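Trainee: Take any residue in the sequence shown, count from 1 to its spot, add 520: that is its number in the working numbering. Here you go, one structure.
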Amino acid sequence: MSGRYDKAIVSVVVDKALYSFDNEFDYYLPQGVKASIGQRVIVPFGKGGKKRVGLVTGFKQNADYGRLKDIYCVINDGVILGDEALRL
């Protein structure tokens, strides 16, 4: 299979998402880009795709492919929240 469906899907909690601060949003992780749970990423969010910092909270096999966007990049400062902190 080729195209967008080959990309990994990550769940992200987006910082400064006023009405959705406790929701996870799904994004494609571009091919060749690696991310870990607890790592920060830059994602397009809201109308116009404003750049926002988010936190990777998980990985998925399936999502609503027609509505997902690619993350812009992974912030390479390591994992800032481990599994135990994310469960809180």
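Backbone N, C-alpha and C define an ideal beta-carbon position, used for all residues, glycine too. Since the structure is predicted, the reported quantities are computational estimates derived from the model, not experimental observations.
Taking the straight line between their C-alpha atoms, what separation do you get for G569 and I591?
Mentor: Against the sequence shown, residue 569 aligns to sequence position 49. Against the sequence shown, residue 591 aligns to sequence position 71. Going from the Cα of G569 to the Cα of I591 covers about 11 Å.
Trainee: Report all residues from its chain with a CB closer than 8 Å to the CB of N582; omit the five preceding and five following residues, and keep chain order.
Mentor: Here the question's residue 582 lines up with position 62 in the sequence shown. So the qualifying residues of the chain are I529.
Trainee: Tell me, to the nearest whole angstrom, how far the beta carbon of I562 is from that of V553; I am working on the premise that it is less than 8 Å.
Mentor: For the purposes of this step, residue 562 is taken as residue 42 along the sequence shown, with counting starting at 1. For the purposes of this step, residue 553 is taken as residue 33 along the sequence shown, with counting starting at 1. So it is not a contact: roughly 11 Å between Cβ atoms.
Trainee: Whose CA, out of V532, A555, Q551, lies closest to the CA of D542?
Mentor: Position 22 of the sequence shown, counted from the first residue, corresponds to residue 542. Proximity to D542 across V532, A555, Q551 peaks at V532, based on C-alpha coordinates.
Trainee: Can you tell me the Cα-Cα spacing of L608 and A555, whole angstroms?
Mentor: Position 88 of the sequence shown, counted from the start, is the residue given in the question as residue 608. Position 35 of the sequence shown, counted from the start, is the residue given in the question as residue 555. In this prediction, L608 has a pLDDT of 49, which is less than 50 and means its spatial position is unreliable; what the coordinates show is noted afterwards. Taking the straight line from one Cα to the other gives about 21 Å.
Trainee: Using the Cα positions of K589 and D597, report the straight-line distance between them to the nearest angstrom.
Mentor: For this step, residue 589 is matched to residue 69 along the sequence shown. For this step, residue 597 is matched to residue 77 along the sequence shown. Whole-angstrom Cα-Cα distance: 23 Å.
Trainee: Determine the direct distance from the alpha carbon of R560 to that of L549, and round the result to whole angstroms.
Mentor: As a first step, residue 549 must be located in the sequence shown, where it is residue number 29. As a first step, residue 560 must be located in the sequence shown, where it is residue number 40. When rounded, the distance between both Cα atoms is 13 Å.
Trainee: Who pairs with R560 in a beta bridge, going by DSSP?
Mentor: The residue labelled residue 560 in the question sits at position 40 within the sequence shown. DSSP output for R560 lists L575 as bridge partner(s).
Trainee: Nearest to K527 by CA position, among F545, Q551, D535, K536, is which residue?
Mentor: The count along the sequence shown starts at 1 and reaches residue 527 at position 7. Ranking F545, Q551, D535, K536 by Cα distance to K527 puts Q551 first.
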